[in-house]
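Notes follow the structure.
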Amino acid sequence: MTIHSAEDFTKIPKDQISPNPKELVLVPSPNIPWYVFSMAGACSGVVTRALTQPLDVVKIRLQIQDNPMHQMDSAKYRGMFRTGSVVCKSEGVRALWKGHVPAQVLSISYGVLQFSIFELLTKYTNPLISSIGFLKPFNNFVCGGVAGSIATFISYPFDVVRTRYIIQDHPKTYTSMHQAFKVIVAMESWKGLYKGFVPTIIQIAPNTGLQFAFYKLSISVWDFLCRRNKYMQATDDIHDVGLLESLICGSVAGLTAKTIVYPLDLAKKRLQIVGFHDYGRVIVGRAVAYSGMVDCIATVARQEGVGALYKGLVPSMMKALLTSALIFASYEKFYNFFVLTVVPR
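Counting in the UniProt record's numbering, the sequence shown runs from 1 upward without gaps.
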């Protein structure tokens, strides 16, 4: 008989297969098919993107706007709420969901790849360090970074298209996602689909790694505090966490990671639209031919002020807060749902 630790199991209500609802059947996590992680990651990505897209539109408009910090009083977009109001009044409420289709494809592909790869990596690496407990957060960091980097490389072209959709003006240069890919490749070569990739890959590894590491660490701290509080119930199952626990721990992870890497995110957005001004109409921003990540950051700091590197920080933090909370919480719920309904027993 094989003995499994508590962490290796996912709890499944016995009432799914037995008349006694109080009993539980434990299914070893190593037996969970890979497609369960993929489906859970995809569904969590769709839900999260649909709810946070307006914040993304506001954030990108603020990031692309190139007014110096001392002239922000005369800028078109000022602050999260004012920017959202201006977008709604001038373009309609639907404009808050500009670029939603490529954004959803981005979320689905990224969610599937990120969680599937992370679960696969930790499945094989955690047993190797099971006797060295303090290495587990570091292992989660590394696995999260690798998973995020691979997922980003594959899904990145959708990010470029999404950004350009959000800032394009009428008449539209891109009328569909397929047409956008064709135009970008024709006008800028395939490299146009990976503009801004360097700061993205530099930030995604620590950002994703920190999110997973802080999420797992927060779960551990939460459970430690729960064990000291007789009114709260702790769990030994990493997938059997409560909704409130997932929301709070996911939020802490997202905010911490986003704060550290934010200037790289701004550089990514500025670089993604380089070349678009040559043949398209944009609502905000001007044609600045940044030669690369370092030149972009240096130019923004020199011409607009160091504080400009944090333009759009408030909606970005709000989005990071909601995204991390929602994606982890919904992932856990979708994971358990698919384990109950899809995994053969």
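Positions of the beta carbon are idealized from the N, C-alpha and C atoms, including for glycine.
One or two residues paired with residue i in a DSSP bridge
i           : result
residue 314 : Paired residue(s): none; residue 314 is not in a bridge.
residue 282 : 168
Whole-angstrom C-beta distance between residue j and residue i, which should lie under 8 Å
i           : j           : result
residue 153 : residue 210 : Wrong, their Cβ atoms sit about 19 Å apart, outside the cutoff.
residue 268 : residue 166 : Their Cβ separation, rounded to whole angstroms, is 14 Å, which puts residue 268 and residue 166 out of contact at 8 Å.
residue 297 : residue 163 : No, residue 297 and residue 163 are not in contact; Cβ-Cβ is about 18 Å, not under 8 Å.
residue 193 : residue 160 : 6 Å
residue 311 : residue 63  : 5 Å
residue 320 : residue 243 : That pair is no contact at about 19 Å.
residue 51  : residue 318 : Actually they do not touch by this definition, with Cβ atoms about 11 Å apart.
residue 174 : residue 185 : Not quite, the Cβ-Cβ distance comes to about 12 Å (not below 8 Å), so this is no contact.
residue 339 : residue 32  : 7 Å
residue 293 : residue 199 : 5 Å
Residues of its chain near residue i, where Cβ-Cβ distance is below 8 Å and the 5 sequence neighbours each way are ignored
i           : result
residue 286 : 66, 277
residue 139 : 122, 125, 126, 129
residue 299 : 288, 290
residue 86  : 76, 77
residue 344 : none
residue 201 : 149, 152, 153
residue 60  : 163, 166, 167, 269, 312
residue 83  : 58, 61, 62, 77, 315
Cut-off 7 Å between Cβ atoms - residues of its own chain near residue i, not counting five sequence neighbours on either side
i           : result
residue 137 : 213, 216, 217
residue 252 : 214, 218
residue 203 : 261, 264, 265
residue 101 : 177
residue 172 : none
residue 116 : 34, 37, 38, 41
residue 147 : 114, 117, 118, 121, 208
residue 324 : 211, 250, 251, 253, 254
residue 72  : 78
residue 342 : 36
Residues near residue i by beta carbon distance below 6 Å, same chain, minus five either side
i           : result
residue 155 : 106, 109, 110
residue 281 : 169
residue 80  : 58, 314, 315
residue 327 : 44, 48
residue 308 : 69, 300
residue 95  : 87
residue 143 : 118, 121, 122
residue 246 : 328, 329, 332
residue 283 : 167, 169
residue 279 : 187
residue 196 : 268, 271, 272
residue 93  : none
residue 334 : 40, 43, 44
residue 337 : none
residue 275 : 188
residue 322 : 52
residue 221 : none
residue 180 : 161, 174
Residue i - containing alpha helix (DSSP H), residue span
i           : result
residue 74  : Careful: residue 74 lies outside any alpha helix (DSSP H) and carries neither H nor E.
residue 115 : 100 to 125
residue 37  : 34 to 64
residue 254 : 243 to 272
residue 94  : Unbroken run through residue 94: none, as it is neither H nor E.
residue 300 : 293 to 304
- [ ] Please list the segments of the alpha helix (DSSP H) lying wholly inside the segment 127 to 183, counting only runs of 4 or more residues, in order along the chain.
- [x] 136 to 167
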